[in-house]
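Working notes for the structure below.
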Amino acid sequence: EFKWDEVVKTDLNVYAKWNAKTVVYHNAKDVKHPVSIKAEESTAKVLSNEDIIKENAQFKVPGKAFKYWTEDPAGKGKQYKPGDTLSFTGDVKNFDLYAQYDTDHYTVKFSVNGGTFADDSVFKTNPNVFTIEKDADGGDVAVLNKKAEYGQKLRDLLNGLDHNKLKPDNKAKKIGYVLAHEERWSEKSDGSDYGVKFIDTSFFGIPFSGDNPEITSDATYYMKWKLDAGVHTTKADLIRPSDLYGDDASK
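Going by the numbering used here, the letters in the sequence shown line up with residues 53 to 303, in that order.
So, in structure tokens, the structure goes:
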């Protein structure tokens, strides 16, 4: 420690000693977010993961749901929640807090888009892979039993099922419609996108691997339909005579 009342007889390097206090937040990807605390402050409130992400977008960890903070990187020991108080007592000048997470899981669905799968379809004959549910219009939806973690590939969720069987069901039924594409699924319910094809194909003997998308959120793949040209539709304007006012037009 430098003493100001002593005579300096040689060159001397003097370094400032600060009473700085900091809280350093760490995410699971080794991104740090330091927060300085005023020297006169003896406490600090623990920040939320959301507050830190607002200041530093790189702090967000895709596919993870924040739980709490700990001083131990492995998650052992005391758990700190947003709003908890940190106390700078004695020689304590710094806190390192490590985020602990739950893993998000995502659902993958294959929708007939208002129709019904055939009883012998791959979606109904493999209950170890799919569970059949109904959409808001009463149509069949095949939901993969295995949930995806962030970044997991579709084929990893098929429980051994050959991905080449993931074709739109050409025996599926939807009143007034016929299947628009026997290989491609749409990622939009209105079928307006180009779509994805999960099966392997070849062109002039050149093999092409089917799509194997990376799952980063809940996903639904829709069968594409078009109006059945064999179904005749009739439009007519109907006029029904009636007395709008009844016996008393004033009422």
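Ideal Cβ placement from N, Cα and C applies to all residues, glycine included.
Residue pairing by DSSP places Y202 opposite no residue, since no beta bridge is assigned to it. Within the same chain, and ignoring the five residues on either side of E93 in sequence, the residues whose Cβ sits closer than 8 Å to its Cβ are K73, F140.
Non-local C-beta neighbours of L210 in its own chain, meaning closer than 7 Å and more than five positions away in sequence, comprise V181, ordered along the chain. Runs of the alpha helix (DSSP H) spanning 4 or more residues and lying entirely within the segment 255-279 do not occur at all. Nearest to K226 by alpha-carbon distance, out of K249, F260, D189, is D189. E107 sits in a helix when the DSSP states are folded into three classes. Contact between N222 and E234 holds, with the beta-carbon distance rounding to 5 Å and staying under 8 Å. Taking 7 Å as the cut-off, the Cβ atoms of T137 and Q131 do not count as close. If you look at Y153, you'll find it in the beta strand (DSSP E) that goes 146-155.
Looking only at D187, R207, A117, L213, the smallest Cα-Cα distance to Y274 is reached by D187.
Fewer than three beta-carbon pairs drawn from the segment 244-260 and the segment 192-203 are found closer than 8 Å, and the two stretches are therefore not classed as touching. According to the DSSP assignment, D192 belongs to the beta strand (DSSP E) that extends over 192-196. A residue is called buried once 16 or more other Cβ atoms fall within 10 Å of its Cβ, and I267 is buried on that count. Within the segment 74-144, the complete alpha helix (DSSP H) runs of at least 4 residues fall at 101-107.
Nearest to L213 by alpha-carbon distance, out of D143, G127, A281, P179, is P179. Distance from the CA of P125 to the CA of P265, rounded to the nearest whole angstrom, comes to 32 Å. Contact annotation: H85 and F111 have beta-carbon atoms nearer than 7 Å. Its chain contains D221, K223, A224 as the residues whose beta carbon lies nearer than 7 Å to that of A170, once the 5 sequence neighbours on both sides are disregarded; these appear in chain order.
Under DSSP, F162 takes part in a beta bridge, and its partners are A194, Y273. With contacts defined by Cβ atoms closer than 7 Å, Y153 and K199 do not form a contacting pair. Ranked by Cα distance from Y158, the first of N197, E185, S88 is N197.
Between I184 and K219, the CB-CB gap reaches or exceeds 7 Å. Just measuring C-alpha positions, the residue of D242, D270, V87, W237 sitting nearest K145 is V87. Cα atoms of K205 and I89: separation of roughly 44 Å, rounded to the nearest angstrom. Taken through DSSP and simplified to helix, strand or coil, L231 comes out as strand. When the beta-carbon positions are compared, D148 and V76 come within less than 7 Å of each other.
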